[in-house]
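Novice: One structure follows; several queries about it will come next.
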Amino acid sequence: MAYYRRRVSPINPKDPIDYKDVDLLRKFVTERGKILPRRITGLTAKQQRQLTRSIKQARILALLPFINREG
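Each residue of the sequence shown is one higher than the one before, starting from 6 at the first, in the working numbering.
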């Protein structure tokens, strides 16, 4: 029988995910500007929802680009 290690969330669950923290949000966005899925980020479902909401809010306020046109 195989035992699996429980995945630890990369962000402390008690810390709020804020749209103004652009450096944190950039870790969860691809170089093309897409939001990384939960299976790759390792976040909880609640954190992923907060992250998505924060990224979208930061995009609207022009803190993050909608798409990256580099390359």
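The beta-carbon is built from N, C-alpha and C at its ideal position, and this holds for glycine as well. Owing to the predicted nature of the structure, the values given are computational and were not obtained by experimental measurement.
For L66, count neighbouring C-beta atoms within 10 Å of its own C-beta (all shown protein chains included) and say buried if the count is 16 or more, exposed if not.
Specialist: Classification for L66: exposed.
Novice: Could you tell me which residues DSSP pairs with I40 in its beta bridges?
Specialist: Answer is V34, bridged to I40.
Novice: Report the CB separation of P70 from G38 in whole angstroms; it is logged as a contact under 8 Å.
Specialist: Yes, they are in contact, since the Cβ atoms of P70 and G38 sit about 6 Å apart, within 8 Å.
Novice: In this structure, how does DSSP classify A7 when only helix, strand and coil are distinguished?
Specialist: Three-state result, A7: coil.
Novice: Nearest-angstrom Cα distance between A63 and R31?
Specialist: Distance between the alpha carbons of A63 and R31: 11 Å.
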